[in-house]
Structures are given as C-alpha cells and as structure tokens.
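A.B. asks: Sharing a structure, written as structure tokens. Questions coming.
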Amino acid sequence: MNNQQTVDVRSFYDEVPFEGDITESIKETFKQQGNTLLNLSEHFNKAQYKLALSLMLQCKGHVIICGMGKSGHVGRKMSATLASTGTPSFFVHPAEAFHGDLGMITGDDVVILISNSGETDEILKLIPSLKNFGNRTIAITGGLQSTLAKNADAVLEIRMQSESCPNNLAPTTSTTLTMAIGDALASALMNKRHFMPNDFARFHPGGSLGRRLLTRLKDVMSKRITKVTPDSPLKEVIVGMTQDQHGIALVMIENSLIGVITDGDLRRAMMRSDFDINSFKAKDIMTQSPITASQNSMLSEAEELMRHNQIKQLLVLDESKTPVGVIDFYN
Numbered sequence: 335m336n337n338q339q340t341v342d343v344r345s346f347y348d349e350v351p352f353e354g355d356i357t358e359s360i361k362e363t364f365k366q367q368g369n370t371l372l373n374l375s376e377h378f379n380k381a382q383y384k385l386a387l388s389l390m391l392q393c394k395g396h397v398i399i400c401g402m403g404k405s406g407h408v409g410r411k412m413s414a415t416l417a418s419t420g421t422p423s424f425f426v427h428p429a430e431a432f433h434g435d436l437g438m439i440t441g442d443d444v445v446i447l448i449s450n451s452g453e454t455d456e457i458l459k460l461i462p463s464l465k466n467f468g469n470r471t472i473a474i475t476g477g478l479q480s481t482l483a484k485n486a487d488a489v490l491e492i493r494m495q496s497e498s499c500p501n502n503l504a505p506t507t508s509t510t511l512t513m514a515i516g517d518a519l520a521s522a523l524m525n526k527r528h529f530m531p532n533d534f535a536r537f538h539p540g541g542s543l544g545r546r547l548l549t550r551l552k553d554v555m556s557k558r559i560t561k562v563t564p565d566s567p568l569k570e571v572i573v574g575m576t577q578d579q580h581g582i583a584l585v586m587i588e589n590s591l592i593g594v595i596t597d598g599d600l601r602r603a604m605m606r607s608d609f610d611i612n613s614f615k616a617k618d619i620m621t622q623s624p625i626t627a628s629q630n631s632m633l634s635e636a637e638e639l640m641r642h643n644q645i646k647q648l649l650v651l652d653e654s655k656t657p658v659g660v661i662d663f664y665n
C-alpha cells in the first residue's frame, strides 16, 4: 500500500508566501543580465581580446584556467569548452596550486586568471610564480585598476554596474558575463582554426553528435530490401512493399538499380485516370534515378542529404553501384 500523499502543486503554489508578483523579479533578472551582455558586446576592448586570442593561438602548451569560488565553477566550464573545441585546456584550483599543483604548469602554458574584484588573495599569490615560470597571463576581471589587471599581459573586462542579486552581493551577473567571455574566446578560436563538426565529433565520440559524424552508412544501414523487376505486376510489388520494413521496393535489372517505388509513388499512381492495378507494372509507377549514397558516406552527410531532399529513406550503394541497404530518417 502506498502511504505517500499526492501533492497538489497548484494549492502549494497558492500557499507560498510570496510578496508581489515573483515573476517580475525573474523577468528583471533576465532583462538585467541580458542588457549587460548587450552592453558588453558593444563596448568590449577589441585590442585586449585580440591580444588574448593571439596568446592562446600561439600557446604551445595548455590554456590553464584558475578561479576561486563561483569564478572557479565558471572556470571549470570554460576549460571544458576549450578542451572540447580544439584548445588543450585544464582547470587548476588556485589554492591547491599554491600548495603543490603549480607543478602541473609549464612555461609553455598560458594561464587565464579569473577574479571579478581583481584582488582575490589566492589568485594574486600565484602571480610571482607564474612570472618566474615565464607564463603569459590573461586576466578576466571587473577591476581594471586592480593588482591582477596590472600584472596581466591581457585584460578582459567583466563590464557591469551591479549584480542582479537583490543585495548586489552574490555573483550572478558577473558569472554570466564571465561565462559569455569564455564562450566568446572559444568560438573565436574555433573560427580561426576552422574547427569543423567532424573535429568536434572526435572529442565527443560517445554522444549522439559523435555517432552521426563518425558513423558510416554501412555500419547502421538495414540490409533487408525488397527487389522487383521492371515487369513485376503491381500487385506483387505492393505485397513486397507491405512486407518490407521500409515500405519501398527497388526496381532492378540484374544488379543495376533503375528505379524505386515508395508509398508516395503508389498514391500518385492511384490518382491517375488510367490506373489499373491488374495491368500496371513496376516500371509504370517507379521513380527513375532515385537519390542514393555510398555505403562509406557518413551518417551526418546522409541525414543532411535526406533533409535537403525531404525524403525519409535513402538507398545505400556499394562501390559497384549495387544497392546494399536502406537508411531511414525520422527527424
């Protein structure tokens, strides 16, 4: 017996002691952060961003990200985005770095230091060691006159008037801006390096995107296909199509494909004034020169071909142009 009580979400909402319309607070947060991002897009220091990107492009080691607290959480995401888009990167916790993890950093690395104030103690303690190693540094900070900014090779400003937190204390808008700065750097590097979907898939082989971009048609095609001759009676063709999981029939002369019959071809044939199921043959209703793809083509290429031509099935051919399978597309 289930002793759990069912919660009425609507009555729970009615009993929550919100003062005023709480959705206005949510809307205001969205607007404030959105406007701040728009403002940054119009007033960022292009020279400093070009310098930062130049340092990252010329980096022979890793782009290392350091940040404390919420900046550290954003830094981990930033590092993960860079690493998955062609820029070797990892995150180092600044406090741990000061107690031994500096050994992970080499002189070939570029280090991005994140601190909204630019005066975070754990970050500043790293600067002498990084200078001694010969590392180039990029500061992401809201304090252009801060200690961090004055000691960095490039400075990317977290440009804002206040946090969207009601008390202007919790990192909210500042972390949104920092996240956007990291994404902007990663996107710019992808464009500069001509980082393409196939490159992305190599770093994401386990995901659906990796599967589509790295999988060839011969690995996923269905090999069950119905074949008929040009003179096959239409009744025979229909029986074969209904037994076929794809609902199509390939019109063949020996090993040569000369046409295909789909349910659309059947419907169009039935609309003809001269339609006669007893006299029509496969060649009378087939579509000649159907769209095909090589069995060595990538699944992503096949999906794009099917989407462009608005078809649900694609015939797969081997090197001798003989049909060997069918791909279904339901997206």
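The numbering of the sequence shown is our numbering, which starts it at 335 and goes up by one. Even glycine gets a Cβ: it sits at the ideal position worked out from N, Cα and C. Nothing here was measured: the structure is a model prediction, and the numbers come from that model.
With distances taken Cα to Cα, identify the nearest neighbour of residue 596 among 645, 420, 356, 422.
C.D. replies: Selected option, being the one with the closest Cα: 645.
A.B. asks: Return the Cβ separation of residue 443 and residue 398 in integer angstroms, given the expectation that the two are a contact with Cβ distance under 8 Å.
C.D. replies: Confirmed, Cβ separation roughly 5 Å.
A.B. asks: If you draw a straight line from the alpha carbon of residue 435 to that of residue 449, how long is it in whole angstroms?
C.D. replies: Their backbone Cα atoms lie some 19 Å apart in a straight line.
A.B. asks: Looking only at DSSP bridge pairs, what is residue 685 linked to?
C.D. replies: Any property of residue 685 remains undetermined from this structure, which presents the chain solely from 335 to 665.
A.B. asks: Can you give me the Cβ contacts of residue 652 inside the same chain, cut-off strictly under 6 Å, excluding the 5 residues immediately before and after it?
C.D. replies: Excluding sequence neighbours, residue 652 sits near 629, 658.
A.B. asks: So, using beta-carbon positions, are residue 446 and residue 492 closer together than 9 Å?
C.D. replies: No, these two residues do not count as a Cβ contact at 9 Å.
A.B. asks: If you count every other CB in all the chains shown that lies within 10 Å of the CB of residue 605, and 16 or more means buried, which is it?
C.D. replies: That one is exposed.
A.B. asks: So who's on the other strand from residue 632, going by DSSP bridges?
C.D. replies: Per DSSP, 550.
A.B. asks: Using the three-state DSSP reduction, which class does residue 625 fall into: helix, strand or coil?
C.D. replies: Three-state DSSP puts residue 625 in coil, outside helix and strand.
A.B. asks: Once you ignore the five residues that flank residue 504 on each side, which residues in its own chain have a CB closer than 7 Å to its CB?
C.D. replies: Cβ within range, chain order: 497.
A.B. asks: Quick one: which unbroken alpha helix (DSSP H) runs of 4-plus residues sit fully inside the segment 570 to 658? Chain order, please.
C.D. replies: Entirely contained in the segment 570 to 658, the alpha helix (DSSP H) runs reaching 4 residues are, in chain order, 597 to 604, 616 to 619, 633 to 643.
A.B. asks: Using the rule of at least 16 other Cβ atoms within 10 Å of the residue's Cβ for burial, across every protein chain shown, is residue 677 buried or exposed?
C.D. replies: Since the first and last residues shown for the chain are 335 and 665, residue 677 lies out of range.
A.B. asks: What residue does the beta strand (DSSP E) around residue 399 start on, and which one ends it?
C.D. replies: From DSSP, the beta strand (DSSP E) with residue 399 extends over 397 to 401.
A.B. asks: In the structure shown, what three-state DSSP assignment does residue 470 receive?
C.D. replies: Correct three-state label for residue 470: strand.
A.B. asks: Checking 9 Å against the spacing of the C-beta atoms, do residue 452 and residue 413 come in under that value?
C.D. replies: For residue 452 and residue 413, no; Cβs fall outside 9 Å.
A.B. asks: Between residue 389 and residue 623, what straight-line distance do the alpha-carbon atoms span, to the nearest angstrom?
C.D. replies: Spanning the two alpha carbons is a distance of roughly 53 Å.
A.B. asks: Taking C-alpha atoms, which residue in 490, 463, 464 lies nearest to residue 472?
C.D. replies: Ranking the options by Cα distance to residue 472, first place goes to 490.
A.B. asks: To the nearest angstrom, how far is the alpha carbon of residue 665 from that of residue 599?
C.D. replies: Any reading at residue 665 needs caution, since the residue's pLDDT is 46, under 50, leaving its predicted position unreliable; the model's value is listed next. Looking at the two C-alpha atoms, the distance is approximately 22 Å.
A.B. asks: Figure out for me which residue from 588, 483, 557 has the closest Cα to the Cα of residue 563.
C.D. replies: It is 588 whose Cα lies nearest to the Cα of residue 563.
A.B. asks: By the three-class DSSP mapping on this structure, what secondary structure does residue 564 have?
C.D. replies: Looking at residue 564 - three-state DSSP - the assignment turns out to be coil, as it is neither helix nor strand.
A.B. asks: Spell out the partners DSSP gives residue 447 in its beta bridges.
C.D. replies: Looking at the DSSP assignment, residue 447 forms a beta bridge with 400, 473.
A.B. asks: Judging by CA-CA distance, which residue of 363, 615, 660 is the nearest neighbour of residue 552?
C.D. replies: It is 660 whose Cα lies nearest to the Cα of residue 552.
A.B. asks: Can you give me the Cβ contacts of residue 583 inside the same chain, cut-off strictly under 6 Å, excluding the 5 residues immediately before and after it?
C.D. replies: Hits under 6 Å: 560, 562, 571, 574, 575, 595.
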